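Residue numbers (my numbering), protein chains in the order written: chain A, 121 to 251; chain B, 10 to 90.
Ideal Cβ positions, reconstructed from N, Cα and C, are used throughout, including at glycine.
From a predicted model like this one, the values you see are computed outputs, not experimental measurements.
Structure record follows, encoded as structure tokens.
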């Protein structure tokens, strides 16, 4: 039994209403631990939202709207607050090739930002994409 | 600080055949909403369509342009006379 989490994962300001195991630690002394931690978080959580603030206290209207769509579908999701460290946003955008926040991932794939998630919610596509 | 008209013109200049409607929806000059119609969007996912527009502005997104809310469509959905 191991009680140590990869330090980069532990450092991501993550809140989750799912319990999920923490996987393999990124290689110690890796070149880019924050990017590794983000990639790992995306692969480990079925639905994960990178946002400003937290689901309970969103710090931006776009993040709030995206949280509301997920909550309206009653979908469990993990959330990462990107505000505490500017490198999180920088590395996240490098991974997703997407410049804005929030960013929603499901099953390891980037689904979109607030506009796309809202459109998918309104068209009824979102629930299927989160399965 | 970019104006809605400047954003409209830059989108239309960068994406061939695009027609853009842009509004400053907070009145503060940094939150914009754009509806863009372009044949170039055909065959592309919504994510790819939005990326085409974000690419016009590069690092200005998140900088001078704090927010650019997007709606994209292809001409078929809104036939123009």
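With 16 other Cβ atoms within 10 Å as the buried cut-off, status of residue i
i: residue 25 of chain B; result: exposed
i: residue 34 of chain B; result: exposed
i: residue 223 of chain A; result: buried
i: residue 217 of chain A; result: exposed
i: residue 183 of chain A; result: buried
i: residue 240 of chain A; result: buried
i: residue 234 of chain A; result: buried
i: residue 192 of chain A; result: exposed
i: residue 157 of chain A; result: buried
i: residue 242 of chain A; result: exposed
Beta-carbon proximity check, residue i vs residue j, cutoff 8 Å
i: residue 56 of chain B; j: residue 236 of chain A; result: yes
i: residue 226 of chain A; j: residue 167 of chain A; result: yes
i: residue 46 of chain B; j: residue 58 of chain B; result: no
i: residue 197 of chain A; j: residue 203 of chain A; result: no
i: residue 200 of chain A; j: residue 170 of chain A; result: yes
Proximal chain B residues relative to residue i, where beta-carbon distance stays under 9 Å
i: residue 182 of chain A; result: 76 and 78
i: residue 230 of chain A; result: 56
DSSP three-state assignment for residue i, whether helix, strand or coil
i: residue 147 of chain A; result: Reliability fails at residue 147 of chain A, whose pLDDT of 48 lies under 50, so the model's placement of it is uncertain and no value is given.
i: residue 19 of chain B; result: helix
i: residue 13 of chain B; result: helix
i: residue 45 of chain B; result: strand
i: residue 81 of chain B; result: strand
i: residue 221 of chain A; result: coil
i: residue 33 of chain B; result: strand
i: residue 170 of chain A; result: strand
i: residue 195 of chain A; result: coil
i: residue 226 of chain A; result: strand
i: residue 248 of chain A; result: helix
i: residue 190 of chain A; result: helix
Member of the options whose CA lies at the smallest distance from the CA of residue i
i: residue 84 of chain B; options: B:52, B:32, B:18 and B:60; result: B:52
i: residue 48 of chain B; options: B:40, B:79, B:11 and B:21; result: B:21
i: residue 213 of chain A; options: B:18, B:68 and B:54; result: B:68
Cross-chain neighbours of residue i in chain A, by beta carbon under 8 Å
i: residue 24 of chain B; result: Within chain A, no residue comes near residue 24 of chain B; the closest Cβ sits about 17 Å away, beyond 8 Å.
i: residue 60 of chain B; result: 217 and 218
Proximity test, residue i beta-carbon vs the ligand PLP heavy atom, cut-off 7 Å
i: residue 168 of chain A; result: No copy of the ligand PLP occurs in the structure displayed, which carries no ligand at all.
Under 7 Å from the C-beta of residue i: neighbouring residues of chain B
i: residue 205 of chain A; result: Going along chain B, no residue has its Cβ under 7 Å from residue 205 of chain A, so there is no contact; the nearest lies around 15 Å.
Closer than 7 Å at the beta carbon, the chain A residues around residue i
i: residue 71 of chain B; result: 219 and 220
i: residue 34 of chain B; result: Per Cβ cutoff of 7 Å: no residues; residue 34 of chain B is ~11 Å from chain A at best.
8 Å Cβ cut-off: residues of chain B touching residue i
i: residue 208 of chain A; result: Correct list: empty, because the minimum Cβ distance to chain B is about 13 Å.
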